[in-house]
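Numbering (my numbering), first residue to last: 4 to 125. Idealized CB from N, CA, C, for every residue including glycine. Let me begin by presenting the structure, written as structure tokens, before commenting on it.
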Amino acid sequence: MAALAALEVDGVADLGGDIERTIESVRSRIGVGQRRGNQGVRAKVADREVAIDVIIVVEYGRVALEVATAVKANVARAANYMLGMRVTEVNVTVDDVRLPGEQSPRAAAPAEDLDSAAEHEG
């Protein structure tokens, strides 16, 4: 839920740190498994309270502080609404910047699936 809330924010290109994104890229290229929904998100729950850490990649040309602030607000709002828990903190780390022309594993995977489906049909 926190990952989806973070990805909804304009300027967020992807989630996760360098290692997580590298592993996900390899997994998508070799077609093993599906993208993990919790990539780049950690939550600590205690009683009826939750603290959330989110790692994001910002699109080039965006102000990282503005994007991080919007992610923080959206994740807190979504967690409070959907979980009914008190959000004690949302920590956002900007890990990287996605340059124009770079494709994320999310965007690359469907294109590869279409290519492989066309090869099997033809």
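Give the secondary structure of residue 70 by DSSP, where H, G and I count as helix, E and B as strand, and everything else as coil.
Numbered from its first residue, the sequence shown carries residue 70 at position 67. DSSP places residue 70 in helix when its eight states are reduced to three.
For a test of the three-state rule: what should DSSP assign to residue 80, helix, strand or coil?
Taking the first residue of the sequence shown as 1, we reach residue 80 at position 77. It is helical.
Please work out which residues of its chain come closer than 7 angstroms, Cβ to Cβ, to residue 16, disregarding the five sequence neighbours upstream and downstream, and give them in chain order.
Residue 16 sits at position 13 when you count from the first residue of the sequence shown. Taken in chain order, the residues that qualify are 60, 61, 62, 101, 107.
Hey, out of 79, 52, 70, whose CA is closest to residue 98's CA?
For the purposes of this step, residue 98 is taken as the residue at position 95 of the sequence shown. Residue 70 is the option with its Cα nearest to residue 98.
Rounded to the nearest angstrom, what separates residue 83 and residue 65 at their Cα positions?
The sequence position of residue 83 within the sequence shown is 80, counting from 1. The sequence position of residue 65 within the sequence shown is 62, counting from 1. Taking the straight line joining both Cα atoms gives about 27 angstroms.
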